[in-house]
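See structure below.
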Amino acid sequence: KNEVEQSPQNLTAQEGEFITINCSYSVGISALHWLQQHPGGGIVSLFMLSSGKKKHGRLIATINIQEKHSSLHITASHPRDSAVYICAVRSNFGNEKLTFGTGTRLTIIP
Amino acid sequence: IAGITQAPTSQILAAGRRMTLRCTQDMRHNAMYWYRQDLGLGLRLIHYSNTAGTTGKGEVPDGYSVSRANTDDFPLTLASAVPSQTSVYFCASSEGQGAYNSPLHFGNGTRLTVT
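Residue numbers (the numbering used here), protein chains in the order written: chain A, 918 to 1027; chain B, 3 to 117.
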């Protein structure tokens, strides 16, 4: 079992829909990152969080430490949100390793 | 524009050849990282550097070496390329010393094909 599991692997939705992408992990963590990889390949950091909830524009990230689960929500989705969304966790065992999920490919249809 | 610059953007390399992927950042970040991205797998850490003058091995370091002579530059060298090193390579940085307690900034990647 991978340390970081994302679901769904692929998601297609209509413009305007509310999007939820999930990330579950199996180890104790000190931080969780959400990243966005554009179709051209560039990777952008969206959020880094260790508790609670963060919001930036139409994006919301939540984390439940007890359940070892995080969600990324997109409100009023737009075709420009089409990208691969990647979850990554830093273990709290003190090493330098950041473990990445394999990503969720989101396609928003106009 | 502040950020991370990687070069080359793409490269086709014959097996056995030596290759250095360049990475430069102008944000004065302490920590820098090299990842490879392969289909069906998450990003995997090759090597990292918490600060100029120090480097460490990630989870897939074999066949690669790095140096960190100054804050800005973090080149990745393949001493003798093999086909299994065909991948997309990303350089990244973060502000804090010690990994991952601050947001990551990524370069645009280098697509390397070893034939």
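For glycine and all other residues, C-beta sits at the position ideal for the given N, C-alpha and C.
- Assignment of Gln-13(B) by DSSP, reduced to helix, strand and coil, places it in the strand class.
- The beta carbon of Gln-39(B) lies closer than 7 Å to those of Leu-45, Ser-89, Val-90, Phe-92 in the same chain, with the five residues before and after it left out.
- For the pair Ser-67(B) and Gly-933(A), the Cα-to-Cα distance works out to about 47 Å.
- The distance from the Cβ of Ser-968(A) to that of Ser-947(A) is about 11 Å, inconsistent with a contact at the 8 Å cut-off.
- Between Thr-112(B) and Gln-27(B) a beta carbon distance of about 15 Å is seen, past the 8 Å cut, so the two are scored as non-contacting.
- For the segment 59-88 of chain B, the set of positions with a beta-carbon nearer than 8 Å to some beta-carbon of chain A reads Gly-60, Glu-61 in chain order.
- In this structure, the CA atom of Lys-972(A) is about 14 Å from the CA atom of Ile-936(A).
- Using a CB distance cut-off of 8 Å, Gly-42(B) counts as an interface residue toward chain A.
- Contact check for Arg-20(B) against Leu-114(B) fails: the beta carbons are separated by 8 Å or more.
- If you look at Met-21(B), you'll find it in the beta strand (DSSP E) that goes 21-27.
- Burial is judged here by how many other beta carbons sit within 10 angstroms of a residue's own beta carbon; Asn-981(A) has fewer than 16 and is exposed.
- Using beta-carbon distances, Asn-32(B) does not count as an interface residue toward chain A, since no partner is under 8 Å.
- When the beta-carbon positions are compared, Ser-987(A) and Leu-1023(A) stay at least 8 Å from each other.
- Burial of Asn-110(B) is indicated by the presence of at least 16 other C-beta atoms within 10 angstroms of its C-beta.
- Counting the other CB atoms within 10 Å of its CB gives Ile-938(A) a total of 16 or more, which places it among the buried residues.
- Just so you know, the alpha carbons of His-995(A) and Ile-1025(A) end up roughly 6 Å apart.
- Neighbours of Thr-1019(A) across chain B, judged by C-beta separation under 8 Å: Gly-42, Leu-43, Gly-44.
- Spatial neighbours of Glu-922(A) in its own chain (CB-CB distance under 6 Å, excluding positions within 5 residues in sequence) are listed in chain order as Ser-941.
- For Ala-930(A), the enclosing beta strand (DSSP E) has its first and last residue at 927-931.
- Identification of chain A residues near Leu-106(B) by a Cβ-Cβ cut-off of 7 Å yields His-950, Ser-962, ordered along the chain.
- If the five residues before and after Thr-73(B) are omitted, its C-beta is found closer than 7 Å to the C-beta atoms of Arg-30, Ala-54, all from its own chain and listed in chain order.
- Assigned with DSSP and collapsed to three states, Ser-95(B) falls in strand.
- When the Cα atoms are used, Lys-59(B) and Ser-95(B) turn out to be separated by approximately 16 Å.
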